[in-house]
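Residue numbers (the numbering used here), protein chains in the order written: chain A, 132 to 270; chain B, 2 to 431. Where a beta carbon is used, it is the ideal one built from N, C-alpha and C, also for glycine.
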Amino acid sequence: MRKFLLAPLAFGLTGLLSSHTLPQLQQGGIKASMDRGKTTFDTYCLPCHQADGKGVPGMNPPLVKTKWVLGDKKTLISILLKGLDQEIEIRGETYNNVMPALPSLTDQEIADVLTFVRNSFGNKASAVTVAEVKKQRPK
Amino acid sequence: MKRITEIWIWMIAVIVAAIPATANDSTKISPLRSAAVADITLPSGFSAASLIESGAKNRHIVINANGDVYVKLASLKNGKGILVLRDKSGKGKLELVNSFGDYGGTGLFIKNGYLYASSNTEVFRYKFNAKNEIDPKQVPEKLVTGLVASRQHETKSIALDNDGNIYVNIGAPSNSCQVKDREKGSLGQDPCSLLEKAAGIWQFKADKLNQSYAEGVHYATGTRNIVGLDWNVQSNELFAMQHGRDGLFQMFPEMYDEMQGAEIPAEEMLRVKKGSNFGWPYCYYDPFQSKKILAPEYGGDSKKQGRCEGVDTPAVAFPAHWAPNALLFYTGDAFPEKYKNGAFIAFHGSWNRAPQKQKGYKVVFVPFKDGSPSGDYEIFADGFMGAEEISSPGDAKYRPCGLAQAPDGSLYISDDVKGAIWKITYHGNK
């Protein structure tokens with residue numbers, strides 16, 4: 132919750148600080164990013180990861196409190212851009228279905244949906260920015 | 002409230018039904034025990050007893066002539082992949098008496114004094130000893146080896162006929178044979194190279210060692226994934242349950258709406274003959290148009306049949322995405338006459354109906370006459386979800402996965418959420 136309270140404050144500071152001293156913030160603020168992210172989630176992620184982010188046992192991994200979601204953002208962004216085709220284990224359960232790449236999503240859509248996932252289903256982590264996505268996109 | 006009333010009616014029915022049956026009823030299911038598992042609903046006259054919740058990932062189950070229950074596990078428990086459970090105390094509770102096999106998997110079958118079991122790449126058999134048990138130190142005979150297994154649809158289900166053949170399902174490691182699996186916009190491979198060594202049923206000899214594709218018969222093709230299959234002794238044919246493809250709405254929203262994505266394609270009961278072709282990945286079965294339709298990855302538009310005209314169709318179509326994981330032809334005499342030689346199907350329950358509510362966590366029955374389906378399917382055992390509705394499969398209390406017929410004619414159901422096994426008996430008038 133604290134992150135969201137700080138967001139408008141941080142947003143207000145952007146006019147005072149140059150863009151390279153503060154990460155590029157979400158277009159329209161965190162709330163707008165979360166809302167857009169949910170729309171993208173419902174279309175592209177929900178069918179496999181389910182409405183509650185709990186996934187499907189043995190097949191599609193949960194997005195709830197895992198290092199894949201809450202850990203290194205570069206890895207997470209790359210999974211959306213390139214997909215993931217390997218068995219992974221989370222809390223003793225293995226998950227096998229292939230995660231398709233979603234390269235057709237825009238940098239903004241990826242930033243929004245990852246921000247949504249990292250702050251939904253009981254998760255709480257920093258937002259993902261457009262600049263961070265851009266950096267991972269294959270040239 | 003309705004549910005509680007149902008439970009009371011049910012309990013009274015069980016008590017009334019049990020009175021005349023007690024004298025020669027070896028199972029002695031008490032009304033109290035039935036009430037303990039009243040969350041499983043059954044037709045009038047049937048009752049369910051919970052025999053165990055082991056915590057193991059139960060897949061298929063079989064029961065030996067002495068009543069021992071063999072359970073194949075998806076993943077190892079204490080290093081073992083096959084559990085042997087027995088009602089040692091005679092009180093209707095299963096206990097672990099033996100375990101063996103260092104591989105996970107799904108398939109199990111008992112035939113002619115052997116237990117047949119599969120990993121995801123091989124098939125083994127174990128000989129029952131003079132005590133009708135499997136020596137846990139026995140080195141099994143490896144019948145089949147080198148089968149394709151990726152991480153999707155990797156399990157190998159097995160069934161034997163009466164002529165010394167074993168049938169092995171080899172699922173396609175893919176949803177619809179796209180160049181990039183499940184990636185929106187990726188076209189279907191044409192021809193689909195996966196059909197050479199997967200997406201079909203292979204026949205092997207039940208007593209020959211180290212067979213692989215070269216020694217087997219490519220018995221049927223065009224099946225995306227099958228988990229439940231059984232030999233029908235009346236028609237002397239193999240029947241199999243196909244899991245239909247996913248993602249019509251998600252990948253082709255311009256052709257299918259959310260509801261169509263949840264209701265198409267059908268899950269299919271297939272009558273499998275030598276040379277059958279059920280059309281995957283080029284075709285799927287639309288239960289509303291009652292025909293095989295050309296898949297959108299191969300130029301389909303949700304209506305045209307194209308190359309799917311003449312492709313083998315299902316014997317019975319079931320609602321989409323219910324995930325049929327076990328098929329059992331009931332040959333016992335303990336149930337009313339209409340069940341004799343009919344098919345029980347355990348549905349594991351859906352996930353690809355999302356964002357619609359999930360469905361199909363149940364066991365259904367299809368009546369058969371002279372080796373062919375003779376009526377619509379009906380719900381037999383239900384209530385496994387543990388709630389009226391769930392939106393995510395992880396919320397299901399139980400998921401039916403295996404079926405077996407006991408020597409006394411009762412029906413056993415396995416679950417892979419809690420490792421539960423139930424025994425279904427009939428106490429009504431036949």
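Query                                                                                                                                                                                                           : Result
Kindly list the residues whose CB is nearer than 8 angstroms to the CB of lysine 185 of chain B, restricted to its own chain and excluding five residues on each side of it in sequence; keep chain order.      : Gln251, Met252
Report the residue from B/Lys292, B/Ser411, B/Asp231 whose alpha carbon sits nearest the alpha carbon of serine 372 of chain B.                                                                                 : Here the sequence assigns glycine to residue 372 of chain B, which means serine is not the residue at that position. Of the listed residues, the one whose Cα sits closest to glycine 372 of chain B is B/Asp231.
At 8 angstroms on the CB atoms, spell out the chain A contacts of alanine 446 of chain B, in chain order.                                                                                                       : Because chain B in this structure spans residues 2 to 431, residue 446 of chain B falls outside the shown range and cannot be described.
Let's test the definition: count the other Cβ atoms within 10 Å of the Cβ of lysine 73 of chain B and tell me whether it reaches 16, buried, or not, exposed.                                                   : buried
Report the neighbours of asparagine 353 of chain B on chain A: residues whose CB is nearer than 7 angstroms to its CB, in chain order.                                                                          : Pro178
Mind listing the chain A neighbours of lysine 181 of chain B? Cutoff is C-beta to C-beta under 8 angstroms, in chain order.                                                                                     : Gly214, Pro231, Ala232
Sort A/Met165, A/Leu233, A/Gln217, A/Gly159 by Cα distance to tyrosine 226 of chain A and report the nearest one.                                                                                               : A/Gln217
Note down, in chain order, each residue of its chain lying with its Cβ closer than 8 angstroms to the Cβ of arginine 189 of chain A, except the 5 sequence neighbours on either side.                           : The displayed chain sequence assigns glycine, not arginine, to residue 189 of chain A. Cβ neighbours of glycine 189 of chain A beyond the five flanking positions: Glu224, Thr225, Tyr226, Asn227.
Kindly list, in the order they appear in chain A, the residues whose Cβ is closer than 8 angstroms to that of proline 356 of chain B.                                                                           : Asp173, Leu177, Pro178, Ala182
Would you check if there are 3 or more beta carbon pairs closer than 8 angstroms linking the stretch 223 to 239 of chain B to the stretch 125 to 133 of chain B?                                                : no
Comparing C-alpha positions only, which one of B/Phe240, B/Gln212, B/Gln235, B/Asn211 sits nearest to alanine 221 of chain B?                                                                                   : B/Phe240
Can you pull the chain B residues whose beta carbon is under 8 angstroms from the beta carbon of asparagine 254 of chain A, in chain order?                                                                     : Neighbours of asparagine 254 of chain A on chain B: none; closest Cβ ~16 angstroms, over 8 angstroms.
Rounded to whole angstroms, how far is the Cβ of glycine 165 of chain B from the Cβ of lysine 206 of chain B, which I believe are closer than 8 angstroms?                                                      : 6 angstroms
Is it true that the CB of valine 418 of chain B sits closer than 8 angstroms to the CB of lysine 398 of chain B?                                                                                                : yes
Along chain B, which residues have their Cβ under 7 angstroms away from the Cβ of serine 164 of chain A?                                                                                                        : Neighbours of serine 164 of chain A on chain B: none; closest Cβ ~21 angstroms, over 7 angstroms.
Can you give the Cα-Cα distance for asparagine 353 of chain B and tyrosine 257 of chain B, rounded to whole angstroms?                                                                                          : 14 angstroms
Helix, strand or coil for serine 51 of chain B, going by three-state DSSP, please let me know.                                                                                                                  : strand
Aspartate 164 of chain B by DSSP, collapsed to three states: which one?                                                                                                                                         : coil
Within 10 angstroms of the Cβ of valine 85 of chain B, are there 16 or more other Cβ atoms? Answer buried if so, exposed if not.                                                                                : buried
Hey, does glycine 168 of chain A have any beta-carbon neighbour from chain B nearer than 8 angstroms?                                                                                                           : no
Let me see if you follow: with CB-CB separation under 8 angstroms, is glutamate 240 of chain A close to chain B or not?                                                                                         : no
Under a Cβ-count criterion, where at least 16 other Cβ atoms within 10 Å of its own Cβ denotes burial, should isoleucine 219 of chain A be classed as buried or exposed?                                        : exposed
Report yes if the C-beta distance between alanine 318 of chain B and alanine 267 of chain B is below 8 angstroms; otherwise report no.                                                                          : yes
Proline 325 of chain B lies in the beta strand (DSSP E); which residues open and close that run?                                                                                                                : 325 to 330
Thinking proline 137 of chain B and phenylalanine 125 of chain B are a contact (beta carbons under 8 angstroms), I'd like their distance in whole angstroms, please.                                            : Going by Cβ atoms, the distance from proline 137 of chain B to phenylalanine 125 of chain B rounds to 14 angstroms, so no, they are not a contact pair.
Just the C-alpha distance for leucine 161 of chain B and aspartate 166 of chain A, rounded to the nearest angstrom, thanks.                                                                                     : 55 angstroms
Is it the case that the stretch 340 to 357 of chain B contacts the stretch 280 to 293 of chain B, given that we only count it when at least three CB pairs across the two stretches are under 8 angstroms?      : no
Distance, Cα to Cα, alanine 405 of chain B vs leucine 412 of chain B?                                                                                                                                           : 6 angstroms
Please report how far the alpha carbon of alanine 22 of chain B lies from the alpha carbon of alanine 49 of chain B, in whole angstroms.                                                                        : Unreliable positioning characterises alanine 22 of chain B in this predicted model, as indicated by a pLDDT of 37, which lies under 50. A coordinate reading is not provided.
Mind listing the chain B neighbours of glutamate 218 of chain A? Cutoff is C-beta to C-beta under 7 angstroms, in chain order.                                                                                  : Arg152
Going by CA-CA distance only, name the one from B/Gly93, B/Asn170, B/Met270 that's closest to asparagine 121 of chain B.                                                                                        : B/Asn170
If the cut-off is 9 angstroms on Cβ atoms, which residues from the stretch 375 to 393 of chain B count as contacting chain A, listed in chain order?                                                            : Ser392, Ser393
Give every residue of the same chain whose Cβ lies closer than 8 angstroms to the Cβ of alanine 256 of chain A, excluding the five residues on either side of it in the sequence, and list them in chain order. : Val200, Leu201, Arg249, Asn250
Counting contacts by CB-CB distance shorter than 8 angstroms, is glycine 395 of chain B in contact with chain A?                                                                                                : yes
Just reading off the alpha helix (DSSP H) that isoleucine 210 of chain A is part of, what are its end residues?                                                                                                 : 204 to 213
What residues of chain B sit near valine 200 of chain A, judged by a beta carbon separation below 9 angstroms?                                                                                                  : By Cβ distance, chain B contributes nothing, its closest Cβ being about 16 angstroms from valine 200 of chain A, past 9 angstroms.
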